[in-house]
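**Q** Each number in this note's numbering corresponds to the 1-based position in the sequence shown with 3 added.
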Amino acid sequence: MIDSMNSFRKRLRRFVRWFCISRPHALWQRYLLGFIFIFVTISVSHWASLKTIEAAEDDAEVLSVSSRQRMLSQRILFLMSETRHDHDPYIDQRLESALNLFESSHEWLIDRPDLSPALRHLYFEQKPITLDAFSRRFVQMVGIAHHAEGAQAEELHEVLAGWGKNELLISLATAADLFRAESEARIKDLQFIQRTTLIAALVVLLLEALLIFLPAQISVNTAIHRLELRKKLLRKSLRELKSRNQELVAARQSLTRAANHDALTGLLNRRAVYEHLGRPQTTEHGADYTRCVMKIDLDHFKQVNDSLGHNAGDAILKHVAQTLETETRENDIVGRIGGDEFVIVIENPSSARVVDDLAKRVIRGISKPVLLNNVQAQIGASVGYTLAVSSSATSDQLLIEADLALYEAKRAGRGKSRGYSKEMVAEIETRRILFTEITRALAEDQFEPYLQPQVYTATGEIYGCEVLARWRHPERGIVPPGTFIAASEEAGLIDQIDRVIIEKGLDILEELLAQGIEIPSISVNASPNSLRDPHLTDRLLNEVAARALHPSRLTIEVLESTLIEKDDDMALQTISRLSKAGFSVVLDDFGTGYASMSNLSLLQLNGIKLDQSLIKPVPEPRSESIIAALVTLSRNLKMNVVAEGVETARHFQTVRRLGCDVVQGFGIGVPMPKEEFISWYHDYTAPSRKAGQVK
Ligand code: C2E
Ligand code: CA
Ligand code: CA
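Set out below in structure tokens:
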């Protein structure tokens with residue numbers, strides 16, 4: 004029950020909704036319905052009007068005929084009385100025509116198909132005599148009375164006059180009244196129909212207004228409202244689309260920027276630089292070259308990054324970028340193509356001098372100290388560049404040439420600039436061959452130690468010997484270290500050579516000691532690369548232990564340049580570890596570089612080796628005073644002093660006078676293979692020879 008109620012309500016609601024809020028495109032159905040309604044009602048109304056008019060006309064005739072019957076009955080009676088006394092043919096004729104008219108009118112009246120029951124009753128059923136029968140008898144009686152004579156006529160006339168005055172007249176009057184009433188009723192009916200249909204049409208119109216125009220208006224309003232809403236929404240989404248589009252454009256721009264620029268420095272990135280390089284070169288009148296590719300590499304950037312932190316590293320990179328931007332012109336391409344690698348591309352540089360000046364300015368600019376968190380930091384840079392004479396030089400070729408020039412600049416000692424030249428290729432090729440040869444030499448054990456004696460200045464006794472590497476080349480014979488040390492360093496092979504020489508040196512020491520040749524210690528050279536090996540100390544300890552030697556019998560010579568140029572934490576740590584392990588550590592080539600005094604005091608150094616360049620000018624007073632000062636410094640730091648490059652007796656006497664503890668040099672003995680060294684030893688220690696004698 005409740006269910007059916009609910010479903011009915013639901014249906015009703017749906018219907019009401021359908022009825023009241025029609026969708027605009029379904030309104031035509033209502034219009035059609037309304038139109039049919041109005042058409043029908045107006046048609047009916049029209050028909051009713053026509054019918055009313057028709058009925059009115061018809062009724063008017065019936066009314067006049069029925070009224071005329073009453074009048075005719077009186078006229079017949081009057082004419083009858085006229086003719087009774089005087090037979091006038093004219094009156095007879097009029098009587099006859101009145102009678103005919105009365106008779107035909109009566110026939111016409113009773114022939115009407117739509118007689119009302121009251122009239123039908125009056126005409127055909129009324130008792131004691133129907134009007135029909137009465138009327139017919141009247142006509143008949145008038146005919147008879149007209150032709151009757153005498154008393155019969157008198158009697159008939161009297162009867163007729165009675166009828167005429169009373170029953171017939173009343174009946175005819177009743178009939179006329181009934182006809183009028185009937186006509187009025189019919190007209191009233193028709194008027195009712197007409198009025199009703201008119202009202203129905205009006206109601207339909209009203210309903211149409213309510214159910215069609217109003218809902219239509221509502222629907223149209225709703226639709227317009229919806230459209231406006233949609234328009235608003237569309238406008239909003241259009242605005243949003245526009246702003247999205249703008250965002251997209253901005254994003255695309257920043258993406259393109261990001262794709263082409265280095266996020267940190269804002270310079271062009273590798274991709275953008277290479278893309279530019281890929282573009283064809285132009286030849287400009289008055290320019291010597293079509294293009295210059297310059298590569299800038301920061302010196303020891305990794306160490307700055309490691310020691311000062313990445314923020315400092317970033318600040319330095321920005322400083323470099325700033326410098327490059329300042330030093331270049333607007334049209335020049337400036338990019339960062341690697342961690343600490345920068346490129347400048349100049350189109351149509353006017354001359355090589357202009358480019359070289361730029362390279363120098365760039366180096367100077369970069370080397371300016373930068374303040375990082377109140378700490379001054381400084382970085383160096385090396386620059387290599389190449390100049391294209393013709394536009395046929397490919398970008399790859401130019402980049403390789405700039406790389407080679409940069410490599411040469413670095414080889415020249417950093418902080419330098421180099422322009423590419425064809426000879427560089429030859430040099431590099433030579434080095435490449437050398438590198439292959441050194442690798443093979445290591446594999447074939449072609450490196451061997453030469454020994455150079457060192458003696459005390461005071462007593463002339465043997466202090467030890469320096470073990471120096473020699474390369475026994477299968478074709479070129481003995482090759483001095485000057486040819487291969489630097490190349491081995493660059494190739495990263497120097498630590499292997501160091502290792503071979505140290506081990507062979509210790510072997511010799513062990514052998515000599517076993518032969519009773521008393522050599523207190525040997526000195527070996529440790530390259531910066533070897534010093535960076537964290538296992539060096541342990542390995543050396545193992546080496547000496549394996550030969551039952553005390554660590555103090557091994558002196559490690561470290562280059563003064565190791566301490567400053569590399570500013571190398573790792574190497575400094577190894578030096579301190581070596582010293583703690585009991586090895587002797589001396590600073591080699593002292594006086595050539597610029598060893599920081601702070602490092603000298605920090606490190607546990609056992610001594611310094613004055614470089615040959617300090618000894619060679621002796622007896623020049625200036626060098627003598629430098630030697631004297633360095634000796635004083637060493638004394639204060641409790642370090643002994645070895646003078647290297649002592650070639651003459653003069654040298655020897657001077658350095659001895661100035662306080663050097665030990666001497667080494669051609670004057671004592673040249674570097675020599677083991678066998679020769681043994682002979683030298685025997686010769687030197689022969690009783691006939693005077694201590695400290697220099698040849
Ligand atoms: P250094 O360590 O300063 O070695 C001394 C150099 O001076 C030696 O040259 C020696 O022959 C030379 N010399 C010694 N006394 C005199 C002298 O009175 N007059 C002249 N003119 N020269 C003298 P060498 O053997 O050619 O070695 C050159 C450099 O090669 C060495 O300089 C050293 O730095 C490096 N070196 C040699 N062997 C090795 C090695 O095994 N490892 C490493 N890392 N470097 C080595
Ligand atoms: Ca040395
Ligand atoms: Ca030296």
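Note that beta-carbon positions come from the ideal geometry of N, C-alpha and C, so glycine has one too.
#1: Counting along the chain, where does the alpha helix (DSSP H) carrying Phe-38 start and finish?
#2: Answer yes if the segment 544 to 552 comes into contact with the segment 488 to 496, meaning at least three C-beta pairs across the two stretches below 8 Å, and no otherwise.
#3: For Asn-314, verify whether its CB is less than 8 Å away from any heavy atom of ligand 2.
#4: Check whether the segment 293 to 302 and the segment 336 to 355 touch, using three or more Cβ-Cβ pairs below 8 Å as the test.
#5: Pairing CB atoms from the segment 417 to 430 with CB atoms from the segment 442 to 452, are three or more of them under 8 Å?
#6: Which one of Ile-481, Val-547, Glu-478, Lys-419 has the shortest CA to CA distance from Leu-512?
#7: Under the criterion of a Cβ to heavy atom distance below 8 Å, does Ala-472 qualify as lining ligand 1?
#8: Rounded to a whole number of angstroms, what is the C-alpha to C-alpha distance between Leu-280 and Asn-351?
#9: Would you list the residues whose beta-carbon is nearer than 5 Å to any heavy atom of ligand 2, in the order they occur in the chain?
#10: How would you write the range of the alpha helix (DSSP H) that Tyr-687 sits in, first residue to last?
#11: Is any heavy atom in ligand 1 found nearer than 8 Å to the beta carbon of Lys-700?
#12: Any chance you could list the beta strand (DSSP E) runs of at least 3 consecutive residues sitting entirely within the segment 316 to 394, in chain order?
#13: Using a Cβ-Cβ cutoff of less than 8 Å, which residues in the same chain neighbour His-160 once the five nearest sequence positions on both sides are dropped?
#14: With a cut-off of 8 Å, do at least 3 Cβ pairs link the segment 130 to 144 to the segment 193 to 209?
#15: For Gly-338 and Pro-620, I'd like the C-alpha separation in whole angstroms.
#16: Over what stretch of residues does the alpha helix (DSSP H) that includes Arg-443 continue unbroken?
#17: Counting along the chain, where does the beta strand (DSSP E) carrying Asp-591 start and finish?
#18: Looking at the secondary structure, which residues open and close the alpha helix (DSSP H) in which Gln-2 lies?
#19: Between the Cα of His-288 and the Cα atoms of Ser-393, Asp-192, Ala-318, Ala-203, which residue gives the shortest distance?
#20: Express the C-alpha separation of Leu-617 and Leu-562 in angstroms, rounding to a whole number.
#21: For Arg-294, which three-state DSSP category applies?
#22: Between Arg-233 and the rest of its own chain, which residues show a CB-CB distance below 7 Å, the 5 nearest in sequence each way excluded?
#23: Measure from the alpha carbon of Ile-382 to the alpha carbon of each residue in Arg-502, Ser-108, Val-323, then state which is nearest.
#24: By DSSP, does Gly-702 sit in helix, in strand, or in coil?
#25: Report the residue from Leu-557, Ala-151, Gln-32 whose alpha carbon sits nearest the alpha carbon of Ser-582.
#26: Give the DSSP-derived three-state secondary structure of Leu-15 in the structure shown.
#27: Using only the heavy atoms of ligand 1, determine whether one of them is closer than 8 Å to the beta carbon of Phe-593.
#28: According to the Cβ coordinates, are Phe-655 and Val-666 closer than 9 Å?
#29: For the pair the segment 39 to 48 and the segment 199 to 213, tell me if three or more CB-CB distances fall below 8 Å.
#30: Go to Val-503, then tell me how far its alpha helix (DSSP H) extends in each direction, as first and last residue.
#31: Using only the alpha-carbon positions, how far apart do Lys-698 and Ala-489 sit?
#32: Apart from the five residues just before and just after Ile-56, which ones in its own chain have a Cβ nearer than 7 Å to its Cβ?
#33: Answer yes or no: do Tyr-687 and Ile-505 have a C-beta to C-beta separation smaller than 9 Å?
#34: So does Ile-511 have its beta carbon nearer than 8 Å to some heavy atom of ligand 1?
#35: What does the Cβ neighbour count give for Ala-58, buried or exposed, with the cut at 16 atoms within 10 Å?
#36: How close, in whole Å, do the beta carbons of Val-527 and Ile-559 come, if the pair is a contact with beta carbons under 8 Å?
**A** Inspection of the coordinates gives the following:
#1: Taking the first residue of the sequence shown as 1, we reach residue 38 at position 35. Start and end: 30 to 88.
#2: no
#3: Walking along the sequence shown from the start, residue 314 turns up at place 311. Asn-314: no, Cβ never under 8 Å from ligand 2.
#4: yes
#5: By the criterion of at least three beta-carbon pairs nearer than 8 Å, the segment 417 to 430 is not in contact with the segment 442 to 452.
#6: For this step, residue 512 is matched to residue 509 along the sequence shown. With distances taken between Cα atoms, Leu-512 lies closest to Val-547.
#7: Working through the sequence shown from its first residue, we reach residue 472 at position 469. Checking the Cβ of Ala-472 against ligand 1 gives yes.
#8: To locate residue 280, count along the sequence shown from 1; it is residue 277. To locate residue 351, count along the sequence shown from 1; it is residue 348. Rounded to whole angstroms, Leu-280 to Asn-351 spans 13 Å at the Cα level.
#9: Asn-528, Glu-560, Asp-591
#10: Working through the sequence shown from its first residue, we reach residue 687 at position 684. First-last of the alpha helix (DSSP H) with Tyr-687: 677 to 687.
#11: Because the chain here runs from 4 to 698, residue 700 falls outside it and cannot be looked at.
#12: 336 to 339, 344 to 350, 373 to 375, 378 to 380, 383 to 391
#13: Stepping through the sequence shown from its first residue, residue 160 is reached at position 157. Correct list, in chain order: Met-83, Ser-84, Arg-87, Ala-148.
#14: no
#15: Numbered from 1 along the sequence shown, position 335 holds the residue referred to as residue 338. Numbered from 1 along the sequence shown, position 617 holds the residue referred to as residue 620. Answer to the nearest angstrom: the Cα atoms are 49 Å apart.
#16: The residue labelled residue 443 in the question sits at position 440 within the sequence shown. Residues 425 to 446.
#17: By 1-based counting over the sequence shown, the position of residue 591 is 588. First-last of the beta strand (DSSP E) with Asp-591: 587 to 593.
#18: A query on residue 2 cannot be resolved here, the shown segment of the chain reaching from 4 to 698 and no further.
#19: Counting from one through the sequence shown, the residue named residue 288 turns up at place 285. Among Ser-393, Asp-192, Ala-318, Ala-203, the Cα nearest to that of His-288 belongs to Ser-393.
#20: Here residue 562 is taken as the residue at index 559 of the sequence shown, counted from 1. Here residue 617 is taken as the residue at index 614 of the sequence shown, counted from 1. Approximately 16 Å between the Cα atoms of the pair.
#21: For the purposes of this step, residue 294 is taken as the residue at position 291 of the sequence shown. DSSP places Arg-294 in strand when its eight states are reduced to three.
#22: Stepping through the sequence shown from its first residue, residue 233 is reached at position 230. Same-chain partners within the cutoff: there are none.
#23: As a first step, residue 382 must be located in the sequence shown, where it is residue number 379. Answer by Cα proximity: Val-323.
#24: Past the boundaries of the shown model lies residue 702; the chain is included only from 4 to 698, so the question cannot be answered.
#25: For this step, residue 582 is matched to residue 579 along the sequence shown. That would be Leu-557, whose Cα lies nearest to the Cα of Ser-582.
#26: Looking up residue 15 in the sequence shown gives position 12. Here Leu-15 sits in helix by DSSP.
#27: Numbered from its first residue, the sequence shown carries residue 593 at position 590. No; taking the cut-off as 8 Å, the Cβ of Phe-593 has no heavy atom of ligand 1 nearer than that.
#28: Here residue 655 refers to the residue found at position 652 when the sequence shown is read from its first residue. Here residue 666 refers to the residue found at position 663 when the sequence shown is read from its first residue. Cβ distance < 9 Å, so Phe-655 and Val-666 count as in contact.
#29: yes
#30: Taking the sequence shown and counting its residues from 1, one reaches residue 503 at position 500. Note, Val-503: alpha helix (DSSP H), 497 to 517.
#31: Taking the first residue of the sequence shown as 1, we reach residue 698 at position 695. Taking the first residue of the sequence shown as 1, we reach residue 489 at position 486. At Lys-698, the pLDDT of 48 sits below 50, so the modelled position is not reliable; the number obtained from the coordinates is stated separately. So the alpha carbons of these two residues sit roughly 32 Å apart.
#32: As a first step, residue 56 is located in the sequence shown; it is residue number 53 there, counting from the start. Once the five neighbours on either side are set aside, Ile-56 has no close Cβ partner at all.
#33: For this step, residue 687 is matched to residue 684 along the sequence shown. For this step, residue 505 is matched to residue 502 along the sequence shown. Cβ atoms of Tyr-687 and Ile-505: not closer than 9 Å.
#34: Within the sequence shown, the letter at position 508 stands for residue 511. Taken from the Cβ of Ile-511, every heavy atom of ligand 1 lies 8 Å or farther away.
#35: As a first step, residue 58 must be located in the sequence shown, where it is residue number 55. The residue in question, Ala-58, is buried, as its Cβ has 16 or more Cβ neighbours within 10 Å.
#36: Position 524 of the sequence shown, counted from the first residue, corresponds to residue 527. Position 556 of the sequence shown, counted from the first residue, corresponds to residue 559. Indeed, because the Cβ distance is near 6 Å, the residues count as touching under 8 Å.
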